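To start, the structure under review is shown below, and the notes come after it.
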Amino acid sequence: MRCQEIRLTTVPTAEVTAANFGVFESDAGEPAPGEVLVGVLRLGLNAGLAHRLGGEGTAYGPGVGVGDVPTSDAVVEVLDPGDSDLPTGSLAVGKVPWCSAGVVEAAELHPIETPAGEDELNAHLTILGHVGFTAWTGMIHLGEVRAGEVVYVSGAAGGVGSCAVQFAKATGATVIGVAGSAEKVTLLTEVLGADRAVNRHDGPAVDLLREAAPDGIDLYYDNVGGEQLEAALDVLRPGGRAIICGAVSGGTRSDAPANCRNLIHRELTLRGFTVTAHESLRGQFESEVGAWLQEGRVRSVHTMFDGIERVPEAFESLLSGGSSGRLIVSMASRPG
Ligand SMILES: NC(=O)c1ccc[n+]([C@@H]2O[C@H](COP(=O)([O-])OP(=O)(O)OC[C@H]3O[C@@H](n4cnc5c(N)ncnc54)[C@H](OP(=O)(O)O)[C@@H]3O)[C@@H](O)[C@H]2O)c1
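2 is the number of the first residue of the sequence shown in this note's numbering; add one for each residue after it.
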C-alpha cells in the first residue's frame, strides 16, 4: 500500500522550521508477526520533539537524524490486524511514525471505542490522551491540588497547560494562567475557566504574578522553567509546592533558578516527573477525567491543521507559539 511520510531533511541550526522536513511517497509495508497495519486519522504534535532533532534521545524517544521519520501519538484505524486480535476497522491510540499509513507493534496500540463525534475523537489526543495524562499526573496525583488553593500554571494555553488549568478548576482551586498572547489570555478566562490570566509579554513575570496573586500561590505547575519558575519561587507561600513538568523556555539548556535559596527559607518543595514512569495510573486517569468530560466540566482544546503535507508547517507553528491547546493534524475522516 502506498503512503506518504514526513522525514527530517536537514538538522536545524537555530529555530526549527517547516523547511527542515519533507513529504515523501513510500510503501506502508506488510505486518510481520506482532505487527498491525494502520491508517492514521489524527496525529498529535509535541514541542518536546524539537530537542531530539539531530540530537540525543530522551525518555520520550530516540534522537531523530536526517532521513528519519519522527513519531507522535495518534488516533489510528486498523487496516490489517496481522496476527493480532484487533478487528479491522477498529480504532486505537498509540505512538506512530509521521505517515498516512504504516506498520506498528500491536502491543503499542491502546484500543478505543468508536467515538460519537469529532470532539470525542480529538479528545483522545488532548484531555483523554498523552497531554491530559501528563497534566493529571502532575496536577492531581503528584501536585495533590486541593479545593481553595491558589494555583499558577505556565504555558497555560498549550497542550499540557490547557488540561492542567481545567483539572485544577475541576478540583475547586483558584487558577491563574500565563500565556503568550491576548487571544490565549481570553481563551484561558472565557473558555477554560481560569480565574485570572496574564500575557507574559506584558512585563517581568514576577511583577505580573504578584499583581495576579497578591496573597501568594500554593502550587505552581511549571511547563516552561526559566523566568516563570523564578517568579513562582518568589511568590509561593511558605510550604508551597512546584511541579516541574517541562522547560521549553530554556531551549536545549535549562538553567537553575537564581532564587533556589527560597526552597530553604520558605520550605518549598520542587517535584519533577516523567509521565511514562506513572503508566500504571492511566486507568484511574481515564475514569476520572472521562467522567469530568461527560459532565462537561472539562473539554478538548486543540488547534487543527488538515492534511499530512501540512505537518511541517503545523510543527513550526507549535514551536512559535501560534497554536492554542494541543496541535492536531487531521489526516483523514474517521470511518463510518
Ligand atoms: N514531564 C513529562 O512527562 C512531560 C510530558 C509531556 C510534555 N512535557 C513537557 O511539558 C511542556 C508542555 O508541553 P506541551 O505539549 O503543552 O507544549 P506546548 O503545547 O508547545 O505548550 C508549551 C507552551 O510554552 C509556552 N512557551 C514557549 N516558549 C516559551 C518561553 N520562552 N517562555 C515561556 N513560555 C513559553 C508557549 O505558550 P505561550 O507562548 O502562550 O506562552 C507554549 O504554548 C513541554 O516542556 C514538554 O516538553 C513533559
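Ideal Cβ positions, reconstructed from N, Cα and C, are used throughout, including at glycine.
Please read all numbers here as calculations on a predicted model, not as lab measurements.
The shortest C-alpha to C-alpha distance from R283 to any of L234, V132, N21, R147 is the one to V132. Pairing E314 with A19 gives a Cβ-Cβ distance under 8 Å.
Around the Cβ of R3, a 10 Å sphere holds fewer than 16 other Cβ atoms; the residue is exposed.
Judged by pairs of C-beta atoms under 8 Å, the stretch 189 to 204 touches the stretch 172 to 181, as three or more such pairs exist.
In this structure, ligand 1 has no non-hydrogen atom nearer than 7 Å to the beta-carbon of S85.
S73 has its CB no nearer than 7 Å to any heavy atom of ligand 1.
For A213, same chain residues with a beta-carbon under 7 Å away, outside a window of 5 residues either side, are I177, R197, V199 in chain order.
Between V65 and V97, the gap from beta carbon to beta carbon reaches 8 Å or more.
Ligand 1 approaches S155 closely enough that one of its heavy atoms is under 7 Å from the residue's Cβ.
Of the candidates E36, S73, V37, F25, S73 places its Cα closest to the Cα of G45. With a minimum length of 4 residues, the unbroken runs of alpha helix (DSSP H) contained wholly in the stretch 251 to 320 fall at 263 to 266, 283 to 295, 312 to 320.
The Cβ atoms of P112 and S91 sit closer than 8 Å to each other. Comparing C-alpha distances from P71 to each of A117, S85, F168, I7 shows the shortest one belongs to I7. Uninterrupted alpha helix (DSSP H) stretches at least 4 residues long and entirely within the stretch 187 to 218 occur at 206 to 213, given in chain order. Contact between L294 and A158 fails: their C-beta atoms lie close to 19 Å from each other, not under 8 Å. Look at the beta carbons and you see the stretch 182 to 192 not touching the stretch 206 to 223: under three pairs across the two are nearer than 8 Å.
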